[in-house]
Each structure stands twice: as C-alpha cells, then as structure tokens.
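Here the protein sequences come in this chain order: V and D.
The opening position of the first sequence corresponds to residue 8 in my numbering, with each subsequent residue numbered one higher.
The opening position of the second sequence corresponds to residue 94 in my numbering, with each subsequent residue numbered one higher.
Okay, so here's the structure we're looking at.
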Amino acid sequence: MSTPAAWMALWLLVLAALSLVRLGRGPSESDRMASVQILGSLGVAIAALLGTGTRSPAAGTVALVFALLAGVATIAYARRYRPPEEGRDDVD
Amino acid sequence: MTWIDGLGWGLVVAGGGFFTAGTVGLLRFPDTLTRLHALTKADNTGLGLVMLGLAVQAETGRDAGLLLLTWALVLTTAGPVAALLAAARSRDGEEEG
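Here it is as structure tokens:
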C-alpha cells in the first residue's frame, strides 16, 4: 500500500480517537454531536486515503456513504431537540 | 514520483494539518459555540485539501469527480448541522441547569 496514504490515514485515525475524548466529556449534547460530525469527516478522509492507497475504487463509494450518514445522523438528532417554543409539549 | 504526485501529497499533508488544528480546537476550546467553529472551518477545509490532493492523483476523471462530489456533500450538510447544533445548544443548557 502506498506509504504516504498509510501514514496519513493512521494519523487521522489518531485524531479520531482523540475526538472521542470530547464525545465522552463534552458537557452538552451538542458537543457530543459535533464530535460525531468530526468523526464523520475524518472517516470520509480516511476512506478516501485508503482507497487511493490500495488503488481500490470502491472506497470512494464508502466515503460518500460515510458523508451521508454523518450528516443525516446529526441533523436527525438536532431536529429532535429543537429550541423551546411556547406551547410545545411534543419534545422530550 | 512525478510533480503531480508531489503536489497531491503536499495538499494531503496540508489537509492533515488542518484536521489536526480542528481536533485540537474541539478538545481545547472553552465553549460549545467555539468548538462548532473548529468543526465547520478547520475540519471542512482539511477535508477539502485532502480530497483535492487525492483527486489530483486520481486514476480516472470519474474517481476525481467522486472525491470532489463527496467533499461538496460534506460541506453542504456541515452548514445546517452547525446551525442546528448551535440552536439545540440553548435547550441543552436549560435541561442541564
């Protein structure tokens, strides 16, 4: 496998592990979802790097799916916890 | 290694630097809103540089186009994501007192 791709993918993996610290500690739920979004972006970069490093075209599709999942998951979460409005009783 | 490869990997390394800055910001910034700034500015720029660096070296035009399209998708979702997270934050503050 191409060496620069391997090293950069490894470094991004280290960053992903570090972002888990915020996932555990971040005082508010928005902090944790921001960590999830960052994990998604890092996952896209790692998948693209591995795809280029191993000359595998399928990894580009993996990166695309990852991008969709991260974005949709975070938006779905944020939609559930809308800012409080008067007279609303349908949100936890 | 041709100059195209050198340019590509230079962009990828620069992207890695931006990702590093974004993660450091996520860990070290004092407030939710500032952490969202790290997420939207640094990480998306890092992703763009990595994708650009890889697209420059891609085997076919289709592969390069797919990489850049994925980056465009991440950018498109990251904007509303950050805005919604910032809006949801006010509710979290009330719940957690």
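From the three backbone atoms N, C-alpha and C, an ideal C-beta is built for every residue, glycine too.
Subject >> Contacts that Leu-71 of chain V makes with chain D (C-beta to C-beta distance below 8 Å) >> reply: Residue mapping note: residue 71 of chain V aligns to position 64 of the first sequence, counting from 1. Residues of chain D passing the Cβ test: Leu-159, Leu-162, Thr-163 and Leu-166.
Original post:
Which bits of chain V does Thr-125 of chain D rub up against, with CB to CB less than 9 Å?
Top reply: The sequence position of residue 125 of chain D within the second sequence is 32, counting from 1. Chain V residues near Thr-125 of chain D: Gly-33, Pro-34, Ser-35, Ser-37, Asp-38 and Ala-41.
Original post:
If you check the beta carbons only, do Ser-48 of chain V and Asp-124 of chain D fall under 7 Å apart?
Top reply: Sequence index remark: in the first sequence, residue 48 of chain V carries index 41 (1-based). Sequence index remark: in the second sequence, residue 124 of chain D carries index 31 (1-based). No; because the gap between Cβ atoms is not below 7 Å, this pair is not in contact.
Subject >> Three-state class that DSSP yields for Arg-2 of chain V in the structure shown >> reply: An answer regarding residue 2 of chain V cannot be provided, because it is not within the stretch 8 to 99 covered by chain V.
**OP:** Could you spell out the range, first to last residue, of the alpha helix (DSSP H) harbouring Ser-26 of chain V?
**Re:** Counted from its first residue, the first sequence places residue 26 of chain V at position 19. First-last of the alpha helix (DSSP H) with Ser-26 of chain V: 10 to 32.
**OP:** Pick helix, strand or coil for Gln-150 of chain D, following the three-state DSSP scheme.
**Re:** Within the second sequence, numbered from 1, the residue matching residue 150 of chain D stands at position 57. Coil at Gln-150 of chain D, not helix or strand.
**OP:** Mind reading off the beta-carbon distance from Val-167 of chain D to Ile-97 of chain D? Whole number of angstroms is fine, and I expect it under 8 Å.
**Re:** If you number the second sequence from 1, residue 167 of chain D lands on position 74. If you number the second sequence from 1, residue 97 of chain D lands on position 4. Wrong, their Cβ atoms sit about 24 Å apart, outside the cutoff.
**OP:** Alpha carbon to alpha carbon, how far is Leu-46 of chain V from Val-72 of chain V? Give it in angstroms, no decimals.
**Re:** For the purposes of this step, residue 72 of chain V is taken as residue 65 along the first sequence, with counting starting at 1. For the purposes of this step, residue 46 of chain V is taken as residue 39 along the first sequence, with counting starting at 1. Whole-angstrom Cα-Cα distance: 13 Å.
Subject >> At least 3 beta-carbon pairs within less than 8 Å: the region 77 to 89 of chain V vs the region 156 to 174 of chain D >> reply: Using a Cβ-Cβ distance cut-off of 8 Å, the region 77 to 89 of chain V and the region 156 to 174 of chain D are in contact, since at least three pairs of beta carbons, one from each stretch, lie closer than that value.
Original post:
With distances taken between CB atoms, is the gap from Ala-131 of chain D to Leu-142 of chain D smaller than 7 Å?
Top reply: Looking up residue 131 of chain D in the second sequence gives position 38. Looking up residue 142 of chain D in the second sequence gives position 49. No, the pair does not count as a contact, with Cβ atoms beyond the cut-off.
Original post:
Near Ser-26 of chain V, what residues of its chain come up, given a Cβ to Cβ distance below 8 Å and the 5 sequence neighbours on each side ignored?
Top reply: Taking the first sequence and counting its residues from 1, one reaches residue 26 of chain V at position 19. Excluding positions up to five away in sequence, the list reads Ser-42, Ile-45, Leu-46 and Leu-49.
**OP:** Could you check the C-alpha separation between Pro-11 of chain V and Thr-68 of chain V for me, to the nearest Å?
**Re:** As a first step, residue 11 of chain V must be located in the first sequence, where it is residue number 4. As a first step, residue 68 of chain V must be located in the first sequence, where it is residue number 61. Looking at the two C-alpha atoms, the distance is approximately 21 Å.
**OP:** Compare the C-alpha of Val-117 of chain D against each of V:Gly-58, V:Ser-37, V:Ala-52 and V:Leu-19 and name the closest.
**Re:** On the second sequence, residue 117 of chain D is found 24 positions in, with the first residue counted as 1. Measuring from the Cα of Val-117 of chain D, the nearest candidate turns out to be V:Leu-19.
Subject >> Under the three-state DSSP convention, the category Thr-116 of chain D falls into >> reply: As a first step, residue 116 of chain D must be located in the second sequence, where it is residue number 23. Reduced to three states, the DSSP call for Thr-116 of chain D is helix.
Subject >> Reduced DSSP secondary structure (H/G/I, E/B, other) of Phe-73 of chain V >> reply: To locate residue 73 of chain V, count along the first sequence from 1; it is residue 66. Helix.
Original post:
Are the C-beta of Gly-112 of chain V and some C-beta of chain D separated by less than 7 Å?
Top reply: Residue 112 of chain V lies beyond the residue range present for chain V, which begins at 8 and ends at 99; the question has no answer from this structure.
Subject >> Cβ shell of Phe-112 of chain D (< 8 Å), same chain only, five flanking positions each side left out >> reply: Within the second sequence, the letter at position 19 stands for residue 112 of chain D. Answer for Phe-112 of chain D: Ala-135, Asp-136, Gly-139, Leu-140 and Val-143, listed in chain order.
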